[in-house]
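> The sequence shown begins at 103 in the working numbering and counts up by one. After the structure tokens below, expect a handful of questions from me.
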Amino acid sequence: MLFSEVAESFAAIEATASRLEMSSQVAALLKKCKKDEIRPLIYIIEGNVAPSHEGLDIGIGEKFAIRAISQTSGHSEKAVLSEYKKSGDLGSAAENLLSKKSQMSLASSPNTLSRAYSSFVKIAQMSGTGSQESKISILSELLNGATPLEAKYLIRFCLGKLRLGVGDPSIIDALSMMKHEGKADSQIILRAFNLCSDLGEVAEHYIAGKDLSHFSTQPFKPIRPALAERLPNAEEITKKLGKCAVEAKYDGLRMQVHLSSGKVEIYSRKLEKMTHMFPEITSAASKLKAKSAIFEGEALAYNASEKKYYSFQQTIQRKRKYGIAGMARDFPLRLFVFDLMYLNGKDLTLSPYSSRRKTLEKVFANTEPLVPSELIYTDDPKKLDNYFTNLLGAGLEGIIAKDLSQPYVAGARKFAWIKLKKSYGALADTVDVVIIGYYLGKGQRQEFEFGGLLAAVLNEETGEFESIAKIGSGFSEDEMQSFEKMLDEIKVKEKPKGVNSKLTPDFWVKPAYVITVAADEITLSPMHTCGMVGDTGYALRFPRMMSLRDDKGSEEITTTKEIIEMFEMQKRRKE
Ligand code: AMP
103 MLFSEVAESF
113 AAIEATASRL
123 EMSSQVAALL
133 KKCKKDEIRP
143 LIYIIEGNVA
153 PSHEGLDIGI
163 GEKFAIRAIS
173 QTSGHSEKAV
183 LSEYKKSGDL
193 GSAAENLLSK
203 KSQMSLASSP
213 NTLSRAYSSF
223 VKIAQMSGTG
233 SQESKISILS
243 ELLNGATPLE
253 AKYLIRFCLG
263 KLRLGVGDPS
273 IIDALSMMKH
283 EGKADSQIIL
293 RAFNLCSDLG
303 EVAEHYIAGK
313 DLSHFSTQPF
323 KPIRPALAER
333 LPNAEEITKK
343 LGKCAVEAKY
353 DGLRMQVHLS
363 SGKVEIYSRK
373 LEKMTHMFPE
383 ITSAASKLKA
393 KSAIFEGEAL
403 AYNASEKKYY
413 SFQQTIQRKR
423 KYGIAGMARD
433 FPLRLFVFDL
443 MYLNGKDLTL
453 SPYSSRRKTL
463 EKVFANTEPL
473 VPSELIYTDD
483 PKKLDNYFTN
493 LLGAGLEGII
503 AKDLSQPYVA
513 GARKFAWIKL
523 KKSYGALADT
533 VDVVIIGYYL
543 GKGQRQEFEF
553 GGLLAAVLNE
563 ETGEFESIAK
573 IGSGFSEDEM
583 QSFEKMLDEI
593 KVKEKPKGVN
603 SKLTPDFWVK
613 PAYVITVAAD
623 EITLSPMHTC
633 GMVGDTGYAL
643 RFPRMMSLRD
653 DKGSEEITTT
663 KEIIEMFEMQ
673 KRRKE
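Shown next, in the form of structure tokens:
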């Protein structure tokens, strides 16, 4: 397939606000693919050259993309820069400048999808001195054979800014639509995806008509993490689960550790490789008495001599590219292992929690700094509540109660795990929101140009981001400065597609950054569109920013449905 066909289809996708229509556009494009074009197309739509756990990022710097555009369009770099400033999008600048070019380069043949993809892979694999020059020349070659529209998407992709607005759920629907009118196979495709986190691989198998039930866990294919539901209090938890395991909820870094024949990889919550950051965990995992294993836990920085945990802020300092050995010495981690999904060649995801836990305790006996998470078993709400209070007293976040009979529910929020957290006002939990816009500062804050954020949650039914709060507090001056810089890079002229908001901020931004917000309660408000019925939506009262969540993508934020549930729960907490 020609890459120009892909570009045309991307333009059509960008022009539609309907998620269903988007999926059917993707389905139509996938139908045109030859077998070996399916994976490349899926990865490109996802905005990268490979699933994120493979750690192969395209990322060309803007400066170099400008040089490539200049070389192919015949315009000076200064002219490219001034065109870029007009729209704030280098892709559109390339499109405009290439359309002014009188003639396509006769020597170059049109790009195919396969050629574009293999160029992307080459660019991603290059590193070291001189690699930027080679990257520029590969990109220039692609631009030489490109139509102006193609150039727009080639540039956006190479900058890591494709952001078509087509998330994995829409791609899964698209796959299902290829064979059925509705979404008949979505659940089967989703299950396979949850177990291997590689939608390209799943799509290739599915379109080839292979049975997806053969998908099972395997080392170095990260499993999409299980998520916890919420209930307002101990009574409701014990009523729902009966006798259950009540585990301490640690606030640190979630890690999924894979081990096979001495090799270890560690994946983040977002399933990005972070092995090299945590040498003490890697070393401990490689010493386990197991040929292969996949396990999950929460890591905290721990002061062994004082028997004290460092704060979350200190723990997250461990997520860094440089100075790793020094940090590992000063802030060593302890990993509280809370699940075991694979052991010695056997998939355990379908075994009940009680049996997984039994095996976990055998595997992690005397394996410091890998230790089983702390827990009690009870069906008594009073005991649960006492345990919860004690843990809060010890500085922990709360508890996660686990259904003894449930499998590991990959990639889903189910009542197999139920969290109960330290309360913020009447609200039972913090809320993860995506930033959709920002305001300029007034008065004292003027010098930072940053005055607050407009934030949204995700309505999973419509695929839209619905506004829920204007956040003006909780930021340090450093944070304000870095927000201003970060957001300035992704600001857009108009309200982005897929954003539903009655408020208009000073600047709209692409919904990319996720933050955790605490609030006093959820209220009804005419200002916000979250879960809107008539004129009234849900809003956060006294919202304040807690932390930037670069471990979460915009599809993983709190949903409108969860907000409505939390609103109902809040009434029960108040009673
Ligand atoms: P939340 O991020 O508030 O939805 O809570 C779920 C998170 O709690 C998980 O993603 C884990 O990172 C973390 N966590 C901490 N302790 C545990 C535990 N014992 N079991 C499961 N998850 C835990």
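From the three backbone atoms N, C-alpha and C, an ideal C-beta is built for every residue, glycine too.
If contacts are defined as beta-carbon pairs under 8 angstroms, then residue 140 and residue 305 qualify, I think. What distance do you get, rounded to the angstrom?
About 5 angstroms separates the two Cβ atoms, so the contact holds.
> Classify residue 505 as buried or exposed, calling it buried when 16 or more other Cβ atoms lie within 10 Å of its own Cβ.
Label assigned to residue 505: buried.
> Going by the beta-carbon positions, is the gap between residue 435 and residue 382 smaller than 8 angstroms?
In contact: residue 435 and residue 382 (Cβ atoms closer than 8 angstroms).
> Check this for me: beta carbons of residue 149 and residue 256, under 8 angstroms apart or not?
No, they are not a contact pair.
> Which residues in the same chain have their Cβ closer than 7 angstroms to the Cβ of residue 278, if we skip the five residues on either side of it in sequence?
For residue 278, where only same-chain residues beyond five positions count, the Cβ hits under 7 angstroms are 285, 286, 287, 288, 291.
> Give every residue of the same chain whose Cβ lies closer than 6 angstroms to the Cβ of residue 171, excluding the five residues on either side of it in the sequence, and list them in chain order.
182, 196, listed in sequence order.
> Do the segment 432-448 and the segment 308-325 touch if we need at least three Cβ pairs shorter than 8 angstroms?
Touching, per the Cβ criterion.
> So, with DSSP's three-state summary, where would you put residue 200?
Note: residue 200 maps to helix in three-state DSSP.
> Can you list the residues near the ligand AMP, meaning Cβ strictly closer than 5 angstroms to any non-hydrogen atom, in the order they appear in the chain?
Here the residues come out as 330, 349, 351, 352, 356, 400, 440, 475, 502.
> Across which residues does DSSP place residue 397 in a beta bridge pair?
Paired residues: 359, 442.
> Contact defined as beta carbons within less than 8 angstroms: I believe residue 368 pairs with residue 266. What is the distance between those atoms, to the nearest angstrom?
Their Cβ separation, rounded to whole angstroms, is 30 angstroms, which puts residue 368 and residue 266 out of contact at 8 angstroms.
> Hey, how far is the Cα of residue 599 from the Cα of residue 637?
Going from the Cα of residue 599 to the Cα of residue 637 covers about 21 angstroms.
> What's the gap between the Cα of residue 474 and the Cα of residue 667?
Computed Cα separation, rounded: 32 angstroms.
> So the beta strand (DSSP E) residue 332 belongs to, where does it begin and stop?
329-332 is the span of the beta strand (DSSP E), which, as asked, contains residue 332.
> For the segment 492-501 and the segment 513-523, state whether three or more C-beta atom pairs, one from each stretch, are separated by less than 8 angstroms.
Flag = yes, the segment 492-501 and the segment 513-523 touch.
> May I ask you to report which of helix, strand or coil DSSP gives residue 647?
Note: residue 647 maps to strand in three-state DSSP.
> Within a Cβ cutoff of 7 angstroms, which residues of the same chain sit near residue 199, ignoring the five residues on either side of it in sequence?
So the list reads 171, 175, 177, 182, 185, once near-sequence residues are dropped.
> Rounded to whole angstroms, what's the CA-CA distance from residue 58 to residue 242? Just pull it up for me.
Any question about residue 58 goes unanswered here, given that the chain covers just 103 to 677.
> Mark residue 212 as exposed unless 16 or more other C-beta atoms lie within 10 angstroms of its C-beta, in which case mark it buried.
Exposed.
> Does the Cβ-Cβ distance between residue 537 and residue 615 come in under 8 angstroms?
Yes; because the gap between Cβ atoms is below 8 angstroms, this pair is in contact.
> Just curious, the alpha helix (DSSP H) that residue 325 is in, first and last residue?
That residue, residue 325, is in no alpha helix (DSSP H); it is neither H nor E in DSSP.
> Looking at residue 274 and residue 259, is the spacing between their C-beta atoms short of 8 angstroms?
No, Cβ-Cβ distance for residue 259 and residue 274 is not below 8 angstroms.
> Find out if the Cβ-Cβ distance for the pair residue 592, residue 647 is shorter than 8 angstroms.
No, the Cβ-Cβ distance between residue 592 and residue 647 is not below 8 angstroms.
> Quick one, are the C-beta atoms of residue 642 and residue 533 less than 8 angstroms apart?
Going by C-beta atoms, residue 642 is nearer than 8 angstroms to residue 533.
> Going by beta-carbon coordinates alone, are residue 562 and residue 660 separated by less than 8 angstroms?
Result no, Cβ atoms of residue 562 and residue 660 do not sit closer than 8 angstroms.
> Kindly list the residues whose CB is nearer than 8 angstroms to the CB of residue 544, restricted to its own chain and excluding five residues on each side of it in sequence; keep chain order.
Result list for residue 544: 553, in chain order.
> Would residue 145 and residue 262 be called neighbours here (beta carbons separated by less than 8 angstroms)?
Not in contact: residue 145 and residue 262 (Cβ atoms no closer than 8 angstroms).
> Under 8 angstroms: do the segment 389-398 and the segment 459-475 share three or more Cβ pairs, one atom per stretch?
Because the criterion of three Cβ pairs below 8 angstroms is met, the segment 389-398 and the segment 459-475 touch.
> Name the residue from 309, 130, 215 whose alpha carbon lies nearest to the alpha carbon of residue 106.
It is 215.
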